[in-house]
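Asker:
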Amino acid sequence: MATQYDIPVGAQHISLLEPLHFKFTTENEKIIKTEANVGYVHRGIEQACCSKFKFRQVSFVVGRVCGLCSISHTTCYSQVAEKLMQLDISKKAKYLRMLVIELDRIHSHLLCLSHVAENSGFEALFMKTMAYREFSMEMLEAVCGNRIQYDFSIVGGVTRDLRTDVAKMVLEKLKIFKPQLDELVDIYSNNYTLGLKNKGVGVINKDDVYTLSAVGPFARAAGIPIDVRNETEDILPWKEVGFEVVTETTGDVYARNLVRLKELYVSMRIIENVINGLPEGELAVDFKGFPTGEAINRLEAPRGELFYYAKGNKTQILERLKIKAPTFSNVAAMVHGFSGNEYASAPAIIGSYDPCLSCTSR
Amino acid sequence: MKSFFDAIGNLFKKPVTTQFPVQPTYLPDDYRGLIVFEESLCIWCRKCEMACPPGAIVFSQDIETGKQEYHYSPYVCIYCKECVRACPAPGALLQSAEPGHPGLKEQNVNNGWNQLFDESLESRAAYTAEKKRKQAEEKVAADKAKAEAVAKAAETAKQNPGPSDE
């Protein structure tokens, strides 16, 4: 038996975006065992939501759980609170929520793709992807009034209307972005050196994904068509605006890249359909009273299924709020995916998982 | 190979980046910025203070006159516009497109604001207590005056008995 070495990566490491600790046990540069610690950014947000903040203010607090999927958290909480209050929001608010969620998905997926390129040693592609990502940030700024913290959904609706000139600008920018995305797809799928680092690396097959209950682009890359947008039609009308599931079969880093890139086409189509078919209606519903009972809600964040549970007790402050982020579901499959790979490809695999630790440990 | 030729071609293209301080970056005209307060239109209902998620608005109260004063911390504010939506007086609170400024250490933005917040709440509690005390005093005085008046009336009735008694 060859000598085994333990190599720690993180919690502070050059290839990690967020504090995440891996301990790799390697043998001749092959990873044979991995341990993960994901709890470095615990901030006690759930407790704060149940003690310090009123239930209407909580949608602004949960937006601060994660910078990348801020709108997913805010919308998911707003929906669960609307279920507690038994509110029926207007179709326009639903459409505007879908618009911002999809704009957010574009910027989040491009960020992940750029980091896969960087961690695979392709810095020029990293810069190119980041440069193309900038349009989505500007569009979010124009639609929501801020680049990162959108604060767009509130309990009962949305905060801002979509101005006609902004809508026109979004459509124009999407037209510019489409050839850029085609170019990115070409590079990510055909570049030889990137293929060496990505094809057949970090493979998780369909059975493993199923038994380890992974979600999001991670599961879709292995061939499981799991997507909340495909399952829940009553909360947000996804199929009406042209949603369809994207899957790949191989389950490696390359397949994850392609799933994310193809989802961008779907997102662009949804944004175009939302803007062209935006119905009339009020932005937010006025309501009185306090939340009672229990409710759950699911939403497809850029990284997978986001789950919220809330319990009210007829007061301003919620009794319990539980957040389960997509990365939390993926941790088991993440750890499994390293086995049998070279240690040198570990950064690219971590990048392709797109882990969001702020969401996971709240 | 295509990437190689692309890379060579990029040498002769214009840079993608913008020259930031010289060329301004994109800023939408309805950017979510600082909150502006118009004192003459305010009806002093304190709904904005109750709605504000981070607690960036607080009202203090003068113990003598009962006049309220509006305090706002642009460093604590998250520019979410909840106060503007909660405000029943149109125009009293508005959101400007001016971005917030970074707080400096000398300005003591965190501790200073926390202190001001606590002091404001204390001033309001003190005003309420003072008001209650004054009301109680007035009530005691009024009761005393009433009792005195009743006693005086009884005395006068005693001294000058009515004609019906005779």
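Chains as they are written, first to last, in our numbering: chain Z, 97 to 458; chain V, 423 to 588.
Cβ coordinates follow ideal geometry from the N, Cα and C atoms, glycine included.
For a cutoff of 9 Å on Cβ pairs, would you count glutamate 504 (chain V) as touching chain Z?
Answerer: On the second sequence, position 82 is the one that residue 504 (chain V) refers to. Cβ-Cβ to chain Z under 9 Å: yes for glutamate 504 (chain V).
Asker: At least one CB of chain V closer than 9 Å to the CB of arginine 152 (chain Z): is that the case?
Answerer: Here residue 152 (chain Z) refers to the residue found at position 56 of the first sequence. At least one chain V Cβ lies under 9 Å of arginine 152 (chain Z).
Asker: Taking Cβ to Cβ, would you say threonine 255 (chain Z) is nearer than 9 Å to alanine 380 (chain Z)?
Answerer: Locating residue 255 (chain Z) in the first sequence gives position 159, where the first residue counts as 1. Locating residue 380 (chain Z) in the first sequence gives position 284, where the first residue counts as 1. Yes, the pair counts as a contact, with Cβ atoms nearer than the cut-off.
Asker: Can you tell me whether serine 147 (chain Z) is buried or exposed? The criterion is at least 16 other CB atoms within 10 Å of its CB, across all chains shown.
Answerer: Here the question's residue 147 (chain Z) lines up with position 51 in the first sequence. That one is exposed.
Asker: So, does the CB of aspartate 452 (chain V) fall closer than 9 Å to a CB anywhere in chain Z?
Answerer: The residue labelled residue 452 (chain V) in the question sits at position 30 within the second sequence. Closer than 9 Å: yes.
Asker: Relative to the C-alpha of valine 305 (chain Z), which residue among Z:Tyr284, Z:Ile322 and Z:Gly291 is closest?
Answerer: Mapped onto the first sequence, residue 305 (chain Z) falls at position 209. Closest option to valine 305 (chain Z), Cα to Cα, is Z:Ile322.
Asker: Is arginine 468 (chain V) close to chain Z, meaning its C-beta is less than 9 Å from at least one C-beta of that chain?
Answerer: Locating residue 468 (chain V) in the second sequence gives position 46, counting from the first residue. Not an interface residue.
Asker: Quick one: give me the first and last residue of the beta strand (DSSP E) that valine 105 (chain Z) is part of.
Answerer: Reading the first sequence from its first residue, position 9 is the one you call residue 105 (chain Z). Valine 105 (chain Z) -> beta strand (DSSP E) spans 100 to 105.
Asker: At a Cβ cut of 7 Å, what residues of the stretch 434 to 448 of chain V count as close to chain Z, listed as they run along the chain?
Answerer: Val438 and Tyr448
Asker: So the beta strand (DSSP E) valine 305 (chain Z) belongs to, where does it begin and stop?
Answerer: Along the first sequence, one-based indexing puts residue 305 (chain Z) at 209. Taken as a continuous stretch (DSSP letters only), valine 305 (chain Z) belongs to no beta strand (DSSP E), being part of the alpha helix (DSSP H) at 302 to 307.
Asker: Strictly below 9 Å CB to CB, what residues from chain Z border tyrosine 501 (chain V)?
Answerer: Within the second sequence, the letter at position 79 stands for residue 501 (chain V). Chain Z residues near tyrosine 501 (chain V): Gly241, Asn242, Gln245 and Asp247.
Asker: Strictly below 9 Å CB to CB, what residues from chain V border glutamate 237 (chain Z)?
Answerer: Position 141 of the first sequence, counting from 1, holds the residue named residue 237 (chain Z). Going along chain V in sequence order, the residues near glutamate 237 (chain Z) (Cβ under 9 Å) are Tyr448, Leu449, Pro450 and Tyr453.
Asker: Going by other Cβ atoms of all chains shown within 10 Å of its Cβ, with 16 needed for buried, is alanine 152 (chain Z) buried or exposed?
Answerer: Locating residue 152 (chain Z) in the first sequence gives position 56, counting from the first residue. Note on residue identity: the sequence assigns arginine, not alanine, to residue 152 (chain Z). Arginine 152 (chain Z) is buried by the Cβ-count criterion.
Asker: Can you name the start and end residues of the alpha helix (DSSP H) that arginine 546 (chain V) belongs to?
Answerer: Residue numbering aside, residue 546 (chain V) sits at position 124 when the second sequence is read from its first letter. That run of the alpha helix (DSSP H) goes 531 to 581.
Asker: List, in order along the chain, the chain Z residues whose C-beta lies closer than 8 Å to that of serine 545 (chain V)?
Answerer: What you label residue 545 (chain V) is simply residue 123 of the second sequence in a count that begins at 1. Here the premise fails: no neighbours, minimum Cβ distance about 23 Å.
Asker: Which first and last residues belong to the alpha helix (DSSP H) in which threonine 289 (chain Z) is found?
Answerer: The count along the first sequence starts at 1 and reaches residue 289 (chain Z) at position 193. Counting along the chain, the alpha helix (DSSP H) containing threonine 289 (chain Z) begins and ends at 288 to 294.
Asker: Using only the alpha-carbon positions, how far apart do arginine 468 (chain V) and histidine 493 (chain V) sit?
Answerer: Within the second sequence, the letter at position 46 stands for residue 468 (chain V). Within the second sequence, the letter at position 71 stands for residue 493 (chain V). Distance between the alpha carbons of arginine 468 (chain V) and histidine 493 (chain V): 11 Å.
Asker: Chain V beta carbons: is any one of them nearer than 9 Å to that of valine 262 (chain Z)?
Answerer: The sequence position of residue 262 (chain Z) within the first sequence is 166, counting from 1. Output row for valine 262 (chain Z): interface = yes.
Asker: Using a Cβ-Cβ cut-off of less than 8 Å, give me the residues of the stretch 506 to 522 of chain V that come near chain Z, in sequence order.
Answerer: Arg507
Asker: With 9 Å set as the bound, which would you pick, yes or no: does the beta-carbon of isoleucine 283 (chain Z) sit closer than that to a beta-carbon of chain V?
Answerer: For this step, residue 283 (chain Z) is matched to residue 187 along the first sequence. At least one chain V Cβ lies under 9 Å of isoleucine 283 (chain Z).
Asker: With a threshold of 16 other CB atoms inside 10 Å of the CB of proline 375 (chain Z), please say whether the residue is buried or exposed.
Answerer: Position 279 of the first sequence holds residue 375 (chain Z). Proline 375 (chain Z) is exposed by the Cβ-count criterion.
Asker: Would you mind reading off the limits of the alpha helix (DSSP H) that contains histidine 169 (chain Z)?
Answerer: Start at 1 with the first residue of the first sequence, and residue 169 (chain Z) comes out as number 73. Run containing histidine 169 (chain Z): 166 to 181, per the alpha helix (DSSP H) assignment.
Asker: Any Cβ of chain V within less than 9 Å of the Cβ of glutamate 234 (chain Z)?
Answerer: As a working note, residue 234 (chain Z) is residue 138 in the first sequence. Judged by the 9 Å Cβ criterion, glutamate 234 (chain Z) is in contact with chain V.
Asker: Identify the continuous beta strand (DSSP E) that holds tyrosine 404 (chain Z) and give its terminal residues.
Answerer: Here residue 404 (chain Z) refers to the residue found at position 308 of the first sequence. First-last of the beta strand (DSSP E) with tyrosine 404 (chain Z): 400 to 409.
Asker: Near serine 111 (chain Z), which residues of its chain fall below 6 Å by C-beta distance, leaving aside the five closest residues on each side in sequence?
Answerer: Locating residue 111 (chain Z) in the first sequence gives position 15, where the first residue counts as 1. The residues are Asn215 and Pro443.
Asker: Any beta carbon from chain Z within less than 9 Å of proline 475 (chain V)'s own beta carbon?
Answerer: Counted from its first residue, the second sequence places residue 475 (chain V) at position 53. Yes, contact with chain Z.
Asker: Taking all protein chains shown into account, do 16 or more other C-beta atoms lie within 10 angstroms of the C-beta of tyrosine 448 (chain V), making it buried, or fewer, making it exposed?
Answerer: Stepping through the second sequence from its first residue, residue 448 (chain V) is reached at position 26. Tyrosine 448 (chain V) should be labelled exposed.
Asker: Tell me which same chain residues have a C-beta within less than 7 Å of the C-beta of methionine 226 (chain Z), skipping the five on either side of it?
Answerer: Stepping through the first sequence from its first residue, residue 226 (chain Z) is reached at position 130. Excluding sequence neighbours, methionine 226 (chain Z) sits near Ser210.
Asker: DSSP has glutamate 396 (chain Z) in a bridge; who is on the other side?
Answerer: Here residue 396 (chain Z) refers to the residue found at position 300 of the first sequence. Paired residue(s): Z:Glu401.
Asker: In the DSSP assignment, find the unbroken beta strand (DSSP E) run with histidine 493 (chain V) in it and report its ends.
Answerer: As a first step, residue 493 (chain V) is located in the second sequence; it is residue number 71 there, counting from the start. Here the beta strand (DSSP E) through histidine 493 (chain V) covers 490 to 494.
Asker: Got a sec: is the Cβ-Cβ distance from phenylalanine 222 (chain Z) to anything in chain V below 9 Å?
Answerer: Taking the first sequence and counting its residues from 1, one reaches residue 222 (chain Z) at position 126. Look at phenylalanine 222 (chain Z): its C-beta is not under 9 Å from any C-beta on chain V.
Asker: If we ignore side chains and look at the alpha-carbon of each, how far apart do valine 498 (chain V) and proline 476 (chain V) end up?
Answerer: The residue labelled residue 498 (chain V) in the question sits at position 76 within the second sequence. The residue labelled residue 476 (chain V) in the question sits at position 54 within the second sequence. Valine 498 (chain V) and proline 476 (chain V): Cα-Cα distance of roughly 7 Å.
Asker: Count the other C-beta atoms from every protein chain shown that fall within 10 angstroms of the C-beta of glutamate 588 (chain V), then say buried if there are 16 or more, exposed otherwise.
Answerer: Residue numbering aside, residue 588 (chain V) sits at position 166 when the second sequence is read from its first letter. Annotation note: pLDDT 49 at glutamate 588 (chain V) (below 50); position unreliable, coordinate value reported separately. Flag for glutamate 588 (chain V) reads exposed.
Asker: Measuring alpha carbon to alpha carbon, tell me which of Z:Thr328, Z:Gly159 and Z:His432 ends up nearest glycine 347 (chain Z).
Answerer: For the purposes of this step, residue 347 (chain Z) is taken as residue 251 along the first sequence, with counting starting at 1. Looking from the CA of glycine 347 (chain Z), the closest CA among Z:Thr328, Z:Gly159 and Z:His432 belongs to Z:His432.
Asker: With three or more C-beta pairs closer than 8 Å as the rule, is the stretch 484 to 493 of chain V touching the stretch 430 to 438 of chain V?
Answerer: They do not touch, by the three-pair rule.
Asker: When you compare the CB positions of alanine 406 (chain Z) and alanine 391 (chain Z), do they come within less than 9 Å of one another, or not?
Answerer: Here residue 406 (chain Z) is taken as the residue at index 310 of the first sequence, counted from 1. Here residue 391 (chain Z) is taken as the residue at index 295 of the first sequence, counted from 1. Yes, these two residues count as a Cβ contact at 9 Å.
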